Amino acid sequence: MTNQIPDWLKKLVAASKASLHNGSTACVDKTLEEGKLNTVCHSARCPNRGECFSKGETTIMILGDICTRGCKFCAVNKAKPGPVDLEEPAKIAQAVKQMNIKYVVLTSPTRDDLPDGGAAHFAQVITKIKELNYGVKVEPLIPDFQGRADSLKTVLAAKPSVLAHNIETVPDLYSRVRIGADYGRSLALIKKSKELAPDIFTKSGIMLGLGETDAQLKQTMKDLAAHGCDLLTLGQYLAPSNAHNLVKRYPLPQEYKEWEAYGLSIGFKAIAAGPLVRSSYKAGELYSKAIGLSCCG
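Each step along the sequence shown adds one to the number in the UniProt record's numbering, with nothing skipped, and position 121 is 121.
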């Protein structure tokens, strides 16, 4: 068990952070601040945000920054959330236009306090973005909505380009990592999404280094592929604090290449895998790869 980041990973982080010092990052930062918008790019201190901003991509957190669950890997605040901001869809759509963003990932804390889990708000934000920004692609990264099919239908009806839901880890670790979540329920959500909207790509993400074995990881990848998951991200888990799940291992870059090759061999259309990869990393690029395969493969 270790939270000591190895030197090779520190060098990767430093190199990635160098991209923060560019005009695109400053412009996006200013717009987000002026609009009082939440973004996991900043709250998670993501080292990739400079690269993503420069490519016209960003991830915006909707429905506040307070979660109703208590996952042990996540730094999002846990408490009673405030009311939904009804002006948020219009504010986000305007910010996307101002920032000249071409691919938007929308995420949220889990809102079990809302009857639909926040699905209608997701749909409203997607719709407003598309109304004001012709050609912009939107990828909602949704919670599990406690398994409500109607909530999933609501989001899909807004016609996102990708429907994302993170499985996060292998099933044997759920009891200590994903409090309140259910592995089977998450798989069922991905399967249902593909059944309801076959033309919308499905996507998931897995954090590595929490104590999973190679065999467990590959089985989880198999489970996702078998349930209709098209796109996948694999990245290193980093503990927000000593009060969170501790890092058990730092897989080497070569291991990510091997897992990526394995994933493609079992049917995923595109995979982003590497120590610094996060669920929204190169989201537009993954989508483009999937589109290419769908058109040509």
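From the three backbone atoms N, C-alpha and C, an ideal C-beta is built for every residue, glycine too.
Bear in mind that the values here come from a model prediction, so they are computed numbers and not experimental data.
Item	Value
Beta-carbon separation of residue 145 and residue 180 under 9 Å?	no
For residue 204, write down the residues that DSSP places opposite it in a beta bridge.	232
What's the call for residue 184, buried or exposed, on a 16-neighbour Cβ count within 10 Å?	exposed
Give me, in chain order, the residues of the same chain whose beta-carbon lies closer than 8 Å to that of residue 172; leave out the 5 immediate sequence neighbours on both sides.	212, 216
Under 8 Å: do the stretch 118 to 127 and the stretch 143 to 159 share three or more Cβ pairs, one atom per stretch?	yes
If you run the structure through DSSP and keep just helix, strand and coil, what is residue 89?	helix
Excluding five sequence neighbours on each side, which residues of the same chain lie with their C-beta closer than 7 Å to the C-beta of residue 12?	275, 276
Can you list, in chain order, the residues of its chain with a C-beta nearer than 7 Å to that of residue 88? Leave out the 5 residues immediately preceding and following it.	62, 125
Check each candidate in 197, 222, 252, 191 and name the one with the smallest Cα separation from residue 208.	252
Please specify which runs of the beta strand (DSSP E), each continuous and at least 3 residues long, are wholly inside the stretch 93 to 126, giving them in chain order.	103 to 107
Report the partner residues of residue 140 according to the DSSP bridge assignment.	106
In this structure, what does DSSP give as the bridge partners for residue 164?	141, 203
Tell me, please, which residues DSSP counts as bridged to residue 38.	61
With DSSP as the reference, label residue 129 as helix, strand or coil.	helix
According to DSSP, is residue 271 helix, strand or coil?	strand
Considering just the uninterrupted stretch of the alpha helix (DSSP H) at residue 151, what are its terminal residues?	149 to 157
Taking the C-alpha atoms as reference points, what is the distance between residue 268 and residue 38?	31 Å
Which class does residue 191 belong to by DSSP, given the choice of helix, strand or coil?	helix
Applying the 10 Å Cβ sphere with the 16-neighbour rule, what's the burial state of residue 7?	exposed
Excluding five sequence neighbours on each side, which residues of the same chain lie with their C-beta closer than 8 Å to the C-beta of residue 222?	266
What residue does the alpha helix (DSSP H) around residue 239 start on, and which one ends it?	Per DSSP, residue 239 belongs to no alpha helix (DSSP H) and is neither H nor E.
Any idea what DSSP makes of residue 177, helix, strand or coil?	helix
Suppose the cutoff is 7 Å on Cβ atoms and the five residues either side in sequence are ignored; what does the same chain contact list for residue 286 look like?	231, 270, 272
Out of curiosity, what's the CA-to-CA distance linking residue 60 and residue 107?	6 Å
If you follow the alpha helix (DSSP H) that residue 263 is part of, which residue opens it and which one closes it?	253 to 265
Helix, strand or coil for residue 220 per DSSP?	helix
Tell me the rounded alpha-carbon separation between residue 1 and residue 130.	Caution applies to residue 1, whose pLDDT of 49 falls short of 50 and renders its modelled position unreliable; the value that the coordinates give is listed next. Straight-line Cα distance between these residues: approximately 46 Å.
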